[in-house]
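**Student:**
Chains as they are written, first to last, in the UniProt record's numbering: chain A, 1 to 366; chain B, 1 to 150.
Here it is in structure tokens:
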């Protein structure tokens, strides 16, 4: 009798303990994946650093990233391009030639998408297009539409951010050239919280294959992804808790311009997209994180936009004191501009390759 | 049926198992508290307990100390052994869940026996788990047969 009793007790203890652990596991999974509990998960080493290349300057930005080739533009020498083969580590300097340099350039930006490259300045507004064979570009768009930022999608289509004239708010759109130019604005994407200019500021993105576009707000915990026509809009919350942009704006009545009063709270600082993953750099700390880490590394949070989940986070360590000032992902590889160097990382298996998106699944014959 | 010598031997087995457990728990809890910040962070980054890291970090070493005390006292030993069995079952379940159902496997579970691999860890846990069951059965046996054999 006593013996039977003890077996029941033993079994009960074991079953209860297992049950408790499973419940803890399931509820923790739920909280971390879906809720804005703002707790990061750091799996060991999602990226492994392969090598660094010293660039000599910190003024480079990623102008294009192909399978093995990265093109770096330089903000202080706008017509200078650095071409690096990531497999062989060969670097080549490229001098870009424009048919007309007699323009009031203010904000020149280079984007390379072989076999084309673009030199854009939305403040004139002027866009040059040329071939990557001879690196000579001629005018492609003149005075058709102003834009503040741009992202080349294909040889004739550009994803732009511009000021909408009637509402005086910032809007995303597409600039397209067929027989003639067309500008298609999509004011439904950016949602105004304060003034519709500063509060909606953020980062324009696209996947390397240009099938999906993105926009990440600087000052709130949200990002959007759209198809290549800016349709099928999806909104997703980041793990951060700042829903409303915390910025103060001073209106300067006379000149009809406005300025930010105090430094804003930046929720998302940098971002990039690859397949169905959204990578966002953030300087905001979650639970169980040491403040000191921000001095030595940048935190990258990885989301899956197709199933609207937060996946994991990892650190990109600084070389000196400067933060990562640009990064991009393509073909299982991450390139980051840190201080005066280009750092090349590889994703370990399972971190960016096991959930291919849409058509890519078909290509690989899954 | 049971000789006095036999009973004594069985008593020794229970004593020995409890002693091993006291050693294990005191060692495990102390090593966690020695580097508490590290333990808390590791728990927070472990894929299962992320959301509960703060209170679990306190609860685990506390429970281990408490069980060490309860196991060393004869009056509380029987109940303590059941709690020990429960705790060991939870630890083992945790490892199995991490290995099989989690998105990734953390570097180490922190604190105790950091150098053990996951499989060794399971074997180690199961060994202790079996010990606790033996102790419970022995103690039940011992106390139920006691009136008969004396």
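Think of the CB as a built atom: it goes at the ideal place given N, C-alpha and C, for glycine as much as any other residue.
Check residue 18 of chain A in the structure and name its three-state DSSP category.
**Tutor:** Looking at residue 18 of chain A - three-state DSSP - the assignment turns out to be helix.
**Student:** With a cut-off of 9 Å, does the C-beta of residue 39 of chain A fall near any C-beta of chain B?
**Tutor:** Residue 39 of chain A counts as touching chain B.
**Student:** From the DSSP output, in three-state form, read off residue 40 of chain B for me.
**Tutor:** Here residue 40 of chain B sits in helix by DSSP.
**Student:** From residue 138 of chain B to residue 292 of chain A, what distance separates their C-alpha atoms?
**Tutor:** Computed Cα separation, rounded: 53 Å.
**Student:** Can you check whether the C-beta of residue 101 of chain B is within less than 9 Å of a C-beta belonging to chain A?
**Tutor:** Chain A, which has a Cβ nearer than 9 Å to the Cβ of residue 101 of chain B, makes this yes.
**Student:** Can you look up residue 182 of chain A in the DSSP assignment and give me helix, strand or coil?
**Tutor:** In the structure shown, residue 182 of chain A sits in a strand (DSSP, three-state: E or B).
**Student:** Report, in whole angstroms, the separation of the C-beta atoms of residue 68 of chain B and residue 25 of chain B, which I expect to be a contact under 8 Å.
**Tutor:** The Cβ separation is near 4 Å, so the contact holds.
**Student:** Give the range of the alpha helix (DSSP H) segment to which residue 54 of chain B is assigned.
**Tutor:** 53 to 72 is the span of the alpha helix (DSSP H), which, as asked, contains residue 54 of chain B.
**Student:** Could you please tell me which residues of the region 142 to 170 of chain A, in chain order, have their CB closer than 9 Å to any CB of chain B?
**Tutor:** Hits within the stretch: zero.
**Student:** Please tell me whether residue 152 of chain A and residue 97 of chain A are closer than 9 Å, where the distance is taken between their beta carbons.
**Tutor:** Taking 9 Å as the Cβ cut-off, residue 152 of chain A and residue 97 of chain A do not qualify as a contacting pair.
**Student:** Please report the straight-line C-alpha distance between residue 90 of chain B and residue 23 of chain B, rounded to a whole angstrom.
**Tutor:** Approximately 19 Å, taken between the alpha carbons.
**Student:** Does the region 278 to 294 of chain A come within contact of the region 235 to 247 of chain A, defined as at least 3 CB pairs closer than 8 Å?
**Tutor:** Cβ pair count under 8 Å is three or more, so yes.
**Student:** So with Cβ pairs under 9 Å, would you call residue 112 of chain B a contact of chain A?
**Tutor:** Residue placement at residue 112 of chain B is poorly supported in this model, since its pLDDT is 46, which falls under 50; the coordinates still yield a value, given next. False, the Cβ-Cβ gap to chain A never drops below 9 Å.
**Student:** On the three-pair Cβ rule with 8 Å, is the region 312 to 325 of chain A touching the region 42 to 55 of chain A?
**Tutor:** As far as the Cβ criterion goes, the region 312 to 325 of chain A touches the region 42 to 55 of chain A, which means the pair count is three or higher.
**Student:** My output table needs one value for residue 124 of chain A: the three-state DSSP class, helix, strand or coil.
**Tutor:** In this structure, residue 124 of chain A counts as coil in the three-state DSSP scheme.
**Student:** Name the residue from A/150, A/303 and A/172 whose alpha carbon lies nearest to the alpha carbon of residue 222 of chain A.
**Tutor:** Nearest option by C-alpha distance: A/303.
**Student:** Can you have a look at residue 68 of chain A and say buried or exposed, based on whether 16 or more other CB atoms are within 10 angstroms of its CB?
**Tutor:** With fewer than 16 Cβ atoms within 10 Å of its Cβ, residue 68 of chain A is classed as exposed.
**Student:** By the 7 Å beta-carbon criterion, what residues does the region 82 to 97 of chain B contribute toward chain A?
**Tutor:** If the cut-off is 7 Å between Cβ atoms, the region 82 to 97 of chain B has 82, 85, 86, 89, 90, 93, 94 and 97 near chain A.
**Student:** Thinking C-beta only, is residue 326 of chain A closer than 9 Å to residue 61 of chain A?
**Tutor:** In contact: residue 61 of chain A and residue 326 of chain A (Cβ atoms closer than 9 Å).
**Student:** CB-CB under 6 Å to residue 123 of chain A, same chain, minus the five flanking residues each way: which ones, in chain order?
**Tutor:** For residue 123 of chain A, where only same-chain residues beyond five positions count, the Cβ hits under 6 Å are 106 and 107.
**Student:** Using DSSP bridges, identify the partner residues of residue 138 of chain B.
**Tutor:** For residue 138 of chain B, which the question treats as bridged, DSSP gives no partner whatsoever.
**Student:** Decide yes or no for the touch test of the region 262 to 275 of chain A against the region 201 to 210 of chain A: beta carbon pairs closer than 8 Å, at least 3 of them.
**Tutor:** The region 262 to 275 of chain A is in contact with the region 201 to 210 of chain A.
**Student:** Using a cut-off of 7 Å between C-beta atoms, extract the partners of residue 21 of chain B located in chain A.
**Tutor:** Near residue 21 of chain B there are no residues of chain A at all, since even the closest Cβ is about 15 Å away, more than 7 Å.
**Student:** Does the beta-carbon distance from residue 99 of chain A to residue 73 of chain A come in below 9 Å?
**Tutor:** Not closer than 9 Å, so no.
**Student:** Could you pull the start and end residues of the alpha helix (DSSP H) that residue 90 of chain B belongs to?
**Tutor:** Counting along the chain, the alpha helix (DSSP H) containing residue 90 of chain B begins and ends at 77 to 101.
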